[in-house]
Ligand code: NAP
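Structure below.
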């Protein structure tokens, strides 16, 4: 196994990771970004963003390409598609072992983001890729002139439901309350979307089909009445859960697993910082992830400099 030594290793190559990479490398510490998959993170799957400052509308993939190009300018090293074997955040140096490399790091910045939550109902796991999808941008085109359901009431659910109306003949938006959580501007747009029909106060109890999904069982949470809805596809957008596999339990986390930090992004372990969606934060956006990355990296650089002063 090849050993690689860095001042800072950033786990995760999304907006938080790239911003951290820029600030760390620009702060003259040797910096690597290590990711278990392709670089770009969650926004790479967003069709478009209209709330990243400086761009009135930009594709998610395109924006992340710009982040990467910008980080490259400062000379970060990038390791994508790394299969993680172990992560030791407590040791000194901190050690991340992948199938190919052992990364020894003075500081680690966790920027691993979050992933979609599952409904946890019968049929969900069975029909993934055969009617159950967590990515409208990736799979929407398969539902041309078909009927689909989206579950959730947040920005993701409502925006993706509107996106799916470009393909589907009808989109049901199933929400467990009778009021959306999504931003008002998003709600206003959705209310004008003719192909979108809201199913309020309802939860999905089961996903059924043969080869492909053909119905979902709903329960009205007020009346407890059950009904079946014929759909060809279902897109759960019910929130996110942090990507903390491999180091969960080493740092302090909240009850849902999100990492606790102070205002400098420092975690409960010296020299370990957490930035972006993986940490406890009141807002999870590309702009806040990038901002976290900047703050975390500045303090990671200070930590490395202090270590160097001690050893001189
Ligand atoms: P979210 O805001 O947490 O919304 C999750 C939705 O799913 C809520 O409406 C929630 O219902 C519902 N839900 C949760 N668990 C459920 C369950 N087991 N069964 C049925 N429904 C369930 O998540 P999100 O929409 O993925 O957004 C995550 C973050 O990213 C947010 O901060 C959001 O603003 C941000 N985001 C921003 C943009 C943008 O600005 N362009 C786009 C996408 C996401 P309740 O409302 O009843 O809790």
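In our numbering, the protein residues as written are 1 to 312.
Beta carbons are placed, not taken as given, at the ideal position from N, Cα and C, and that holds for glycine.
- Query: Is the closest heavy atom of the ligand NAP to the C-beta of residue 177 under 7 Å?
  - Reply: yes
- Query: Going by DSSP, what residues sit across from residue 161 in a beta bridge?
  - Reply: Note: residue 161 sits in no beta bridge, so no partner.
- DSSP state of residue 43 mapped onto helix, strand, coil: helix
- What residue does the beta strand (DSSP E) around residue 87 start on, and which one ends it? 84 to 88
- Message: For the ligand ATP, I want to know if residue 157 counts as a neighbour, meaning its beta carbon is within less than 7 Å of at least one of the ligand's heavy atoms.
- Response: In the structure on display, the ligand ATP does not appear, and the ligands it does have are the ligand NAP.
- Backbone secondary structure at residue 18 - three-state DSSP: helix
- Hey, would you say residue 239 sits closer than 8 Å to residue 16, going by beta carbons? no
- Delimiting residues of the alpha helix (DSSP H) encompassing residue 296: 286 to 311
- Query: Between the segment 134 to 151 and the segment 171 to 186, do three or more beta carbon pairs fall short of 8 Å?
  - Reply: yes
- Tell me whether residue 44 is buried or exposed, calling it buried when 16 or more other Cβ atoms sit within 10 Å of its Cβ. buried
- Message: Between which two residues does the alpha helix (DSSP H) holding residue 191 run?
- Response: 184 to 191
- Query: Does DSSP put residue 209 in a helix, a strand or coil?
  - Reply: strand
- Within 7 Å: the Cβ of residue 250 and any heavy atom of the ligand NAP? no
- Query: Does the Cβ-Cβ distance between residue 243 and residue 112 come in under 8 Å?
  - Reply: yes
- Measure the C-alpha to C-alpha separation of residue 30 and residue 305 and round it to an integer number of angstroms. 12 Å
- Could you tell me whether the Cβ atoms of residue 251 and residue 269 are closer together than 8 Å? yes
- Query: Do the segment 129 to 143 and the segment 204 to 219 meet, that is, are 3 or more Cβ pairs less than 8 Å apart?
  - Reply: yes
- Message: Closer than 7 Å to a non-hydrogen atom of the ligand NAP - does that hold for the CB of residue 187?
- Response: no
- Give the single residue among 178, 157, 195, 179 whose Cα lies nearest to the Cα of residue 166. 195
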